[in-house]
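Peer 1: Please read through the structure below; I'll follow up with questions.
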Amino acid sequence: MIEGSQAPTGHVAENGTIKPSTAKTQAVRKFPEPTTIKQVQSFLGLTGYFRKYIKDYPTIAKPLSDLTRKENPFVFGTLQKAAFEKLKNIMSEGPLLHVYKYGRRTELYTDACKQEYCAILLQEAEDGKFHPVYYMSKKTNIAKK
């Protein structure tokens, strides 16, 4: 991606960072509270596309993704509302990642438990601090447990 460009994929690269476009973050911010499974799926599709920006995405989204399972009744309760609002807040704050730069000191941290596995790729910047380059997290499925 070219510095300062906005790709049709909904990402913006500028000042050595990459972030979701303003249009996408506004779409999440304006998304109404879901009243149907289809709306939950739509919201999860929108936020899931940007999961690489969101640390622990599967854990945060779990109350919502559980609603999409056939065996679960649709009840948008306090857990689901909290997950919905948390994802909206994270996306509204404009999460960003730093662009990976070859030759810089890089660290990879991983973790796994029964419910999910995750990793974060950090890279040292000019300021001497480590900044996130990529978040990866995935729920484990029942067969893997």
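Here the sequence shown is numbered in the UniProt record's numbering, starting from 1 and rising by one per residue.
Glycine residues also receive a C-beta, built at the ideal position from the N, C-alpha and C atoms.
The structure displayed is predicted, hence computed values, not measured ones.
(1) Could you round the C-beta distance between K55 and Y135 to whole angstroms and report it? I think they count as a contact, below 8 Å.
(2) If we ignore side chains and look at the alpha-carbon of each, how far apart do E14 and P132 end up?
(3) Run through the DSSP bridge pairs and tell me what L64 is partnered with.
(4) If you draw a straight line from the alpha carbon of F74 to that of A82, how long is it in whole angstroms?
(5) Verify the contact flag: K19, CB atom, against every heavy atom of the ligand PLP, threshold strictly below 7 Å.
(6) Could you say which of G10, H11 and G16 lies nearest to E126 if we only look at CA atoms?
(7) Would you say K88 lies against chain C (beta-carbon separation less than 8 Å)?
(8) Within the same chain, show all residues whose beta-carbon is closer than 8 Å to that of A61, passing over the 5 residues directly before and after it, in chain order.
(9) Count Cβ pairs between the segment 32–39 and the segment 63–79 that sit closer than 8 Å; are there 3 or more?
(10) Taking the alpha carbon of N89 as the point to measure from, which residue in H98, I18, R29 and L121 has its own alpha carbon closest?
(11) Near R51, which residues of its chain fall below 6 Å by C-beta distance, leaving aside the five closest residues on each side in sequence?
(12) Look at Q115 and K139 and say whether their C-beta atoms are less than 8 Å apart.
(13) Where do the N-terminal and C-terminal ends of the beta strand (DSSP E) with E14 fall, by residue?
(14) Return the first residue and the last residue of the beta strand (DSSP E) that T106 is part of.
Peer 2: On the basis of the supplied data:
(1) That pair is a contact at about 5 Å.
(2) Using only the alpha carbons, I get a separation of about 15 Å.
(3) Paired residue(s): none; L64 is not in a bridge.
(4) Here the alpha carbon of F74 sits roughly 16 Å from the alpha carbon of A82.
(5) Ligands displayed in this structure: none; no statement on the ligand PLP is therefore possible.
(6) Checking every option, the nearest Cα to that of E126 belongs to G16.
(7) Of the protein chains in this structure there is only one, and it is not chain C.
(8) Hits under 8 Å: L44, T47, G48, A83 and L87.
(9) The segment 32–39 and the segment 63–79 touch, with no fewer than 3 CB-CB distances between them shorter than 8 Å.
(10) With distances taken between CA atoms, N89 lies nearest to R29 out of H98, I18, R29 and L121.
(11) The residues are Y57.
(12) Yes. Within cutoff.
(13) Here the beta strand (DSSP E) through E14 covers H11 to E14.
(14) Going by DSSP, T106 is part of the beta strand (DSSP E) stretching over T106 to A112.
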